[in-house]
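Novice:
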Amino acid sequence: MAEINPSAENIRGMLTEALVRLRKANAEYFELLERGLSSSPLPIADQAKQFCSFMQRNASATFDFGDKLVQAKDVQDALKLQSEFFQGQMQALTDQARSMGESAMKAATGAFTPKN
121 MAEINPSAEN IRGMLTEALV RLRKANAEYF ELLERGLSSS PLPIADQAKQ FCSFMQRNAS
181 ATFDFGDKLV QAKDVQDALK LQSEFFQGQM QALTDQARSM GESAMKAATG AFTPKN
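Here the sequence shown is numbered in our numbering, starting from 121 and rising by one per residue.
1) By the three-class DSSP mapping on this structure, what secondary structure does D187 have?
2) What runs of the alpha helix (DSSP H), each 4 residues or longer, lie entirely inside the segment 174–228?
3) Evaluate the contact criterion for the segment 185–202 versus the segment 127–143: three or more CB pairs, one atom per stretch, below 8 Å.
4) Using DSSP with H/G/I as helix, E/B as strand and the rest coil, what is S160?
5) Between the C-alpha atoms of G208 and N178, what's the straight-line distance to the nearest angstrom?
6) Compute the distance between the beta-carbons of A212 and A181, then report whether it is under 8 Å.
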């Protein structure tokens, strides 16, 4: 039986490999989702594409955070990275909510505009 060596470098290596596989699966998922949305005749397809783009950016930011966290040197470094990630995600949430709100207002305005 192979000896298990749970050294920090081995654990980092395994986590890095797992993140690479997860990134690949995530990219394939979003490619499939985008293809489905591109062929959708639904009137909300554009909003769904925008929402999908936001989800993709958020997932990418999370993977980037994971990459950085795997390389953290100590708990203080990990907490600093977590704080930066949280602040970035809160800013992204604010920006995305604003953008989705504007998009919803445009759609609602268009729905109530008389057609001649």
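C-beta atoms are modelled at their ideal positions from N, C-alpha and C, and glycine is treated no differently.
Keep in mind it's a predicted model, so treat the numbers as computed, not measured.
Specialist: A quick look at the data gives this:
1) Against the sequence shown, residue 187 aligns to sequence position 67. Three-state DSSP puts D187 in a helix.
2) none
3) yes
4) Here the question's residue 160 lines up with position 40 in the sequence shown. Of the three classes helix, strand and coil, the one that applies to S160 here is coil, per DSSP.
5) Here residue 208 is taken as the residue at index 88 of the sequence shown, counted from 1. Here residue 178 is taken as the residue at index 58 of the sequence shown, counted from 1. The alpha-carbon atoms of G208 and N178 are separated by roughly 10 Å.
6) Residue mapping note: residue 212 aligns to position 92 of the sequence shown, counting from 1. Residue mapping note: residue 181 aligns to position 61 of the sequence shown, counting from 1. Taking 8 Å as the Cβ cut-off, A212 and A181 qualify as a contacting pair.
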